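Beneath this line is the structure, given in structure tokens, with notes to follow.
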Amino acid sequence: AALLDDFRAEAAAAELEALRGKVELRSLALDTNEESLARAVAAQGGDLAHFDAAISCLGLHWVNDLPSALGQIKACLRPDGFFIGAFFGGETLQELRIACSIAEMEREGGVSPRTSPLARVRDAGSLLSVSGYNLPVVDVDTISIRYKSAAHLVAHLRRLGESSANVNRRGFLGRDGALATAAVYQSLFAESDATVPATYQIIYISGWSPHESQQKPLGRGTATASFKDLRDEIGKGLNAAPPPEEEENALGPQEDGKKK
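Under this note's numbering, the residue at position 196 of the sequence shown is numbered 325, and the numbers go up by one with no gaps.
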């Protein structure tokens, strides 16, 4: 195993050395999520349609106008350029949302959003198509992390910089509401070892900037088979008479030429 690891490390170093000077990695940080990506690229001396690939890792869930952001990313790609991104999906922190809702309903008589709004898996493919990407692909990964308590979960989110930024929430959650939320969380979701789980859903999306060399769907009316043919073929198989041995087994044992 050690020899194999050394070989892989040497191969990776050789590849990196061969690519040196041929690949440029550039990181862009926007001051606000409303800032134009095109302006940020221009500020660093780059031109639109300049990049071969774009990567976004766990940042798109902070964007208010996600279709516009994806469109701007596509505008920065050369033809046949590749985009891949990952962001938190709608099932992230579902346990915390449930606990907050129950606690707020009990203590304050109403519910206020306590987590940031997140896109759902069914919307991800549409976002890529609307933004003009070809060959869109969507995948999802669900991770469950256990914490000692709900308070440890909240502390972890704060250290990650992932506290809620929802402007529609009704002020900060008070001490009584926070304690009630922790109690509900523990009551509903505690494991046998007294830890509490938190769900993180990661949605992965990828797509290509349009190019004439990419695969294209066949034109309308060019199919050589129809669903009617498939239905008829399946129907023939279902209605076909069983082989003689199967028919005999279906009738069961017989005595004196009569069915039992």
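Glycine included, each C-beta is placed from N, C-alpha and C at the ideal position.
Since the model is a prediction, treat every value here as computed from it, not as a measurement.
Quick one: what's got a C-beta closer than 6 Å to residue i's C-beta in the same chain, skipping five residues either side?
i, result
"T310", "A228, C229 and A232"
"A294", "S245"
"D135", "With a pLDDT of only 49 at D135, under the threshold of 50, the placement of this residue in the model should not be trusted; the figure read from the coordinates follows. So the list is empty, once near-sequence residues are dropped."
"G219", "L247 and R249"
"A253", "V267, I332 and I334"
"F217", "H190 and L247"
"G214", "S185, L189 and I334"
"L367", "none"
Give me, in chain order, the residues of the same chain whose beta-carbon lies closer than 8 Å to that of residue i; leave out the 5 immediate sequence neighbours on both sides.
i, result
"L195", "L189, A248 and L256"
"S292", "L286"
"A280", "A311"
Less than 7 Å between C-beta atoms, sequence neighbours within five positions excluded: which residues of the same chain meet that for residue i?
i, result
"P208", "S338, P339 and H340"
"F318", "E224, V325 and P326"
"L133", "In this prediction, L133 scores a pLDDT of 43, lower than 50, which makes its location untrustworthy; the coordinate-derived value is nonetheless stated afterwards. Closer than 7 Å at Cβ, skipping near neighbours: no residue."
"S197", "none"
"D322", "none"
"S342", "D209"
On the DSSP letters alone, give me the boundaries of the beta strand (DSSP E) that residue i sits inside.
i, result
"Q330", "V325 to W337"
"S185", "F180 to C186"
"P265", "N263 to Y276"
"G210", "L206 to F217"
Go to residue i, then tell me how far its alpha helix (DSSP H) extends in each direction, as first and last residue.
i, result
"D322", "D322 -> no alpha helix (DSSP H), and no H or E assigned at all."
"L257", "V250 to V259"
"L282", "A279 to L289"
"A352", "No alpha helix (DSSP H) contains A352, which DSSP labels as neither H nor E."
"E235", "Q223 to E237"
Measure from the alpha carbon of residue i to the alpha carbon of each residue in the options, then state which is nearest.
i, options, result
"H179", "C186, L222, C205 and L199", "C205"
"L187", "M234, L282, L289 and F211", "L289"
"E237", "V283, R251 and G303", "G303"
"N263", "F211, V283 and R226", "F211"
"L282", "D358, G364, E362 and R226", "R226"
"G261", "A280, L199 and Q343", "L199"
Output yes or no for whether 8 Å exceeds the beta carbon distance between residue i and residue j.
i, j, result
"A269", "I331", "It should be pointed out that residue 269 corresponds to Val in this sequence rather than to Ala. Taking 8 Å as the Cβ cut-off, V269 and I331 qualify as a contacting pair."
"Q315", "S278", "yes"
"E320", "R251", "no"
Tell me the rounded alpha-carbon separation between residue i and residue j.
i, j, result
"A130", "T221", "Bear in mind that the predicted position of A130 carries a pLDDT of just 37, short of 50, making it unreliable; the figure below should be weighed with that in mind. For A130 and T221, the distance between alpha carbons rounds to 37 Å."
"V259", "D305", "44 Å"
"T271", "A143", "35 Å"
"A183", "Q201", "11 Å"
"K345", "D181", "21 Å"
"K203", "R360", "41 Å"
"V313", "A307", "10 Å"
"T351", "K357", "16 Å"
"L355", "T328", "The amino acid occupying residue 355 in the given sequence is Ser; Leu does not appear at that position. Near 43 Å, if we compare the C-alpha coordinates of T328 and S355."
"T353", "E362", "15 Å"
"A284", "G336", "35 Å"
"K365", "L347", "29 Å"
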